[in-house]
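Chemist: In terms of my numbering, the sequence shown opens at residue 39 and continues consecutively. Dumping the structure here so I can ask a few things about it.
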Amino acid sequence: MSHPLEPIVALQKKDRRLIKLMREIRDIPQRKSDIEAQLAGSVKKLETALDSKRHTEVSLKDLELEVESLKEKINKYKLQQMDAQTNDQYRAFVKEIGVTEREINELEEKEIVLMENLEKGKSIVAECEERLNHEKAGIADELAELNERSAERMEQLEKMKADRARAAELCDKSILQKYTRIMNNKRDFAVVMVEPGGHCGGCHMKLPPQVTNDARNPTKIVGCNFCGRIVYNPPERG
Ligand SMILES: [Zn+2]
């Protein structure tokens, strides 16, 4: 007669594939949110680059206005200079104009630095935009692929569940109950083979000779003394 554990072992194979498939389905939303988080990171980088560029532009505009007002100041000094009554007054204006021109020079040097920064800022913004557009395109493809895969896997899951139900019909009811209880607990294997040398295929502990013998007997269902998994010792394996 065939051993009553044979249909259980067949069922276990299906269950293991089901577990793997369900894990894959469960991981898809996580993968999607990882992708979205990555995109959000790139959007944030672009915003930071734009902020920095705007900040430089504002500083540059301020400097330009300051230079303008200093130039106006010089023009006023020059008009007043023409009306100077004494040499001392005249020299005082020359001095003031010199001081203001030096101020303008200093500001114009700062302007040059800011203009260089602005150019760098613009190229950083362009890089960020390019990267973001590239990512958006890639992500759209990947999300579409994930949605497609998710739908496929769900369909596959329904078929496998139906197939599993048919396989369960072939199993002895009380062994199936025991199997289900152990599977829910262990989550990997409920039935394990006796390994050469008489070790449990689940926890690898050495089994008592009585257990390895009983594990071959179609009228007996025995568990490992250590991990509780059902042990099976198919005759053809010796
Ligand atoms: Zn064991």
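The beta carbon of each residue, even a glycine, is placed where N, CA and C say it ideally should be. Owing to the predicted nature of the structure, the values given are computational and were not obtained by experimental measurement.
List the DSSP bridge partners of residue 244.
Modeler: Answer is 237.
Chemist: Need the endpoints of the beta strand (DSSP E) that residue 268 sits in, please.
Modeler: That run of the beta strand (DSSP E) goes 268-270.
Chemist: Between residue 142 and residue 108, which are expected to be in contact by the criterion C-beta below 8 Å, what is the C-beta distance as a whole number of angstroms?
Modeler: Correct: roughly 5 Å between the Cβ atoms.
Chemist: In or out: residue 43 buried (at least 16 other Cβ within 10 Å) or exposed?
Modeler: That one is buried.
Chemist: Given a threshold of 16 other Cβ atoms within 10 Å of its Cβ, counted over all protein chains shown, does residue 201 qualify as buried or as exposed?
Modeler: It is exposed - the Cβ of residue 201 has fewer than 16 other Cβ atoms within 10 Å.
Chemist: Distance, Cα to Cα, residue 233 vs residue 204?
Modeler: Using only the alpha carbons, I get a separation of about 29 Å.
Chemist: Tell me whether residue 264, by its Cβ, gets closer than 6 Å to a heavy atom of ligand 1.
Modeler: Yes - ligand 1 has a heavy atom lying nearer than 6 Å to the Cβ of residue 264.
Chemist: Does ligand 1 have even one heavy atom less than 6 Å from the beta-carbon of residue 261?
Modeler: Residue 261: no, Cβ never under 6 Å from ligand 1.
Chemist: Name the residue from 129, 124, 177, 249 whose alpha carbon lies nearest to the alpha carbon of residue 258.
Modeler: For the residues 129, 124, 177, 249, the minimum Cα distance to residue 258 belongs to 249.
Chemist: Report all residues from its chain with a CB closer than 7 Å to the CB of residue 244; omit the five preceding and five following residues, and keep chain order.
Modeler: Excluding residues within five positions, the ones whose Cβ falls inside 7 Å are 236, 237.
Chemist: Just checking, does the stretch 72-85 make contact with the stretch 124-134 on the three C-beta pairs under 8 Å criterion?
Modeler: No contact exists between the stretch 72-85 and the stretch 124-134.
Chemist: Say the cut is 6 Å; is the CB of residue 240 nearer than that to a heavy atom of ligand 1?
Modeler: Checking the Cβ of residue 240 against ligand 1 gives yes.
Chemist: How close, in whole Å, do the beta carbons of residue 111 and residue 94 come, if the pair is a contact with beta carbons under 8 Å?
Modeler: That pair is no contact at about 26 Å.
Chemist: Quick one: does the C-beta of residue 267 sit closer than 6 Å to a heavy atom of ligand 1?
Modeler: Indeed, a heavy atom of ligand 1 lies less than 6 Å from the Cβ.
Chemist: Within 10 Å of its beta-carbon, does residue 159 have 16 or more other beta-carbons around it, so buried, or fewer, so exposed?
Modeler: Looking at its Cβ environment, which holds 16 or more other Cβ atoms inside 10 Å, residue 159 is buried.
Chemist: Confirm, please, whether the CB-CB distance from residue 49 to residue 265 is below 7 Å.
Modeler: Not in contact: residue 265 and residue 49 (Cβ atoms no closer than 7 Å).
Chemist: Count the other CB atoms, across all protein chains shown, that sit within 10 Å of the CB of residue 53; report buried if there are 16 or more and exposed otherwise.
Modeler: Buried, by the Cβ-count rule.
Chemist: Express the C-alpha separation of residue 58 and residue 167 in angstroms, rounding to a whole number.
Modeler: Distance between the alpha carbons of residue 167 and residue 58 is about 39 Å.
Chemist: Nearest CA to the CA of residue 216: which residue from 96, 269, 91?
Modeler: Of 96, 269, 91, the residue nearest in Cα terms is 269.
Chemist: Contact defined as beta carbons within less than 8 Å: I believe residue 62 pairs with residue 267. What is the distance between those atoms, to the nearest angstrom?
Modeler: Residue 62 to residue 267, Cβ: 25 Å. No contact.
Chemist: Are there 16 or more other CB atoms within 10 angstroms of the CB of residue 262, so buried, or fewer, so exposed?
Modeler: By the 10 Å Cβ count, residue 262 comes out buried.
Chemist: State the start and end residues of the unbroken alpha helix (DSSP H) segment that holds residue 86.
Modeler: Note, residue 86: alpha helix (DSSP H), 43-120.
Chemist: Taking the straight line between their C-alpha atoms, what separation do you get for residue 133 and residue 116?
Modeler: Rounded to whole angstroms, residue 133 to residue 116 spans 11 Å at the Cα level.
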